[in-house]
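Each number in the working numbering corresponds to the 1-based position in the sequence shown with 1 added. Read through the structure below, which is laid out as structure tokens, and then see the notes.
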Amino acid sequence: MANLKRKFAKEQSYPFSVKWVIKEETLRETKVDLTTPEFDIPNLSDVKYFINLTPKRSDKNPKGETCVYLNVLMTKPISISALFNITCNTTSFSRNFNQVFISNTGFGSKICMFDDLFDATKNIFVDKHLIIEVTGILKFKNADEVEAKMSKVDKSLGLMLWESEADKNVSIVIDGENKLKAHECVLKRRSSKFAKLLKVKAEPGAPSVEAKIAIKNKSFDTVKEAIMHCYDIQNSDTLTSENAANILVFADEYEIPDLKENMEEFCIENLSVSNACLFANSSITAKSEKLKLECLGFLSNCMKTATAVKDISELNPELKEILFLQSFVNVVKN
2 MANLKRKFAK
12 EQSYPFSVKW
22 VIKEETLRET
32 KVDLTTPEFD
42 IPNLSDVKYF
52 INLTPKRSDK
62 NPKGETCVYL
72 NVLMTKPISI
82 SALFNITCNT
92 TSFSRNFNQV
102 FISNTGFGSK
112 ICMFDDLFDA
122 TKNIFVDKHL
132 IIEVTGILKF
142 KNADEVEAKM
152 SKVDKSLGLM
162 LWESEADKNV
172 SIVIDGENKL
182 KAHECVLKRR
192 SSKFAKLLKV
202 KAEPGAPSVE
212 AKIAIKNKSF
222 DTVKEAIMHC
232 YDIQNSDTLT
242 SENAANILVF
252 ADEYEIPDLK
262 ENMEEFCIEN
272 LSVSNACLFA
282 NSSITAKSEK
292 LKLECLGFLS
302 NCMKTATAVK
312 DISELNPELK
322 EILFLQSFVN
332 VVKN
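Dropping the structure here:
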């Protein structure tokens with residue numbers, strides 16, 4: 002089979018989560034704004050973020066409001082949409098924000114008055130510490146695509162067959178609506194499941210009847226991508242994480258081994274904090290041990306570095322248990 006070349010439609014959303022624990026003593030003594038370290042965003046060297054707190058009265062802050070801000074730093078112009086939450090439980094403050102960053106700036110809000118911080122009746126400090134949590138997702142509107150390994154095909158026998166509508170003798174109906182047509186001989190040789198579904202012999206002398214295959218709970222694009230793969234054709238030049246995960250699951254269910262292997266490699270190559278949980282869950286559904294192990298290794302490293310991962314709460318329970326148990330194991334590689 003021809004080796005196809007695709008581009009990965011780079012994930013444009015990155016989760017983050019910061020728990021900031023500030024000593025009461027530090028707040029009493031500081032005369033300037035407090036800031037966290039600058040945090041990197043995986044796979045995006047041009048963007049960093051940090052949190053800052055203004056705890057004192059100043060010319061800019063005459064009322065003495067204690068404010069917390071999410072700040073984004075960028076080395077080149079990028080439009081960044083931020084959905085985030087700032088919470089300080091002891092000041093009964095929790096607020097959601099939806100802001101767009103187009104330059105190095107910050108957005109946030111007052112969490113309490115400065116005088117309230119040290120009012121013993123307010124109980125704002127927990128064991129002499131102020132705790133602030135900032136969590137959210139940064140979305141990038143103009144991230145570049147990342148190219149995966151794989152070689153384009155020219156006009157091939159597969160393409161000529163695909164374009165030959167007249168002699169296609171199988172109708173594939175997706176969710177009772179959309180329909181694709183294909184050649185029975187192609188489907189049988191590329192998919193053992195299709196071969197079983199089409200294993201119906203006509204009576205001698207009986208007129209040929211177009212075979213039909215009904216596929217449920219799959220998107221039209223996923224099925225079309227898989228069927229065109231059977232002709233050694235790629236339907237699209239780019240794939241999103243969701244596309245790749247759906248095709249992987251379809252390839253396993255319909256027993257198209259080379260497509261499954263291609264999608265495993267594609268997912269592994271483009272594994273990130275934005276899709277690790279999606280790919281991990283899909284590896285269970287698609288019975289892909291190779292992808293499962295890669296995802297577990299990636300997520301384990303994220304646990305060790307306290308790196309936020311998108312949809313971590315939706316991770317398969319079996320994988321959560323494995324990750325938990327692995328955190329108590331020393332891994333040695335030679």
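Heads up, the beta-carbon is just placed ideally off N, CA and C, and yes, glycines get one too.
By the neighbour-count criterion, in which 16 or more other beta carbons inside 10 Å mark a residue as buried, Cys-89 falls on the buried side. A Cβ-Cβ separation of about 7 Å places Phe-17 in contact with Tyr-50 under the 8 Å criterion.
When the beta-carbon positions are compared, Val-310 and Ala-287 stay at least 8 Å from each other. DSSP, read as helix, strand or coil, puts Gly-107 in strand. Leu-316 has its alpha-carbon roughly 15 Å from the corresponding atom of Leu-326. Looking at the DSSP output, His-230 bridges to nothing. Burial check for Met-264: the Cβ neighbour count within 10 Å reaches 16 or more, so the residue is buried.
The C-beta distance from Glu-256 to Lys-189 rounds to 11 Å, too long to fall under 8 Å, and the pair is not in contact. Counting along the chain, the unbroken beta strand (DSSP E) around Asn-72 starts and ends at 66-75. Taking a C-beta distance under 8 Å as the contact criterion, Ser-165 and Lys-213 do not qualify as a contact pair.
Counting the other Cβ atoms within 10 Å of the Cβ of Ile-103 gives fewer than 16, which makes it exposed. Considering only Ser-80, Thr-91 and Ser-95, the residue with the shortest C-alpha distance to Asn-105 is Ser-80. Around Met-161, the same chain offers no residue with a beta carbon nearer than 6 Å, after the five sequence neighbours per side are excluded. Under a 10 Å Cβ-count criterion, Ala-307 is classified as exposed, with fewer than 16 other Cβ atoms of the shown protein chains found around its own Cβ. Boundaries for Asn-276: no beta strand (DSSP E) harbours it, and the DSSP string shows neither H nor E there.
Judged by DSSP secondary structure, Gln-327 falls within the alpha helix (DSSP H) whose first and last residues are 318-327. In this structure, the beta-carbon distance from Phe-85 to Thr-136 falls below 8 Å. DSSP places Leu-139 inside the beta strand (DSSP E), whose first and last residues are 130-141. Comparing C-alpha distances from Trp-163 to each of Val-174, Glu-178 and Glu-185 shows the shortest one belongs to Glu-185. When DSSP states are grouped into helix, strand and coil, Val-330 belongs to the coil group. Annotation for Phe-115: the continuous alpha helix (DSSP H) segment containing it runs 115-118.
Setting aside the 5 residues that flank it on each side, Asp-41 is surrounded in the same chain by Lys-49, each with a C-beta closer than 7 Å to its C-beta; the list follows chain order.
Going by DSSP, Ala-307 is part of no beta strand (DSSP E) at all; its letter is neither H nor E.
A check of alpha carbon separations from Leu-74 across Leu-294, Asn-53 and Cys-296 identifies Asn-53 as the nearest.
For Leu-294 against Ile-323, the beta-carbon gap comes to about 10 Å, at or over 8 Å, which does not count as contact. For the set Thr-91, Lys-291 and Cys-68, the Cα lying nearest the Cα of Thr-122 is the one of Thr-91. Across the structure, Leu-240 and Met-229 are spaced so that their CA atoms are roughly 15 Å apart. DSSP places Asn-86 in the uninterrupted beta strand (DSSP E) bounded by 81-89. Within the DSSP secondary-structure output, Trp-163 pairs in no beta bridge. Contact check for Ala-245 against Phe-267 passes: the beta carbons are separated by less than 8 Å.
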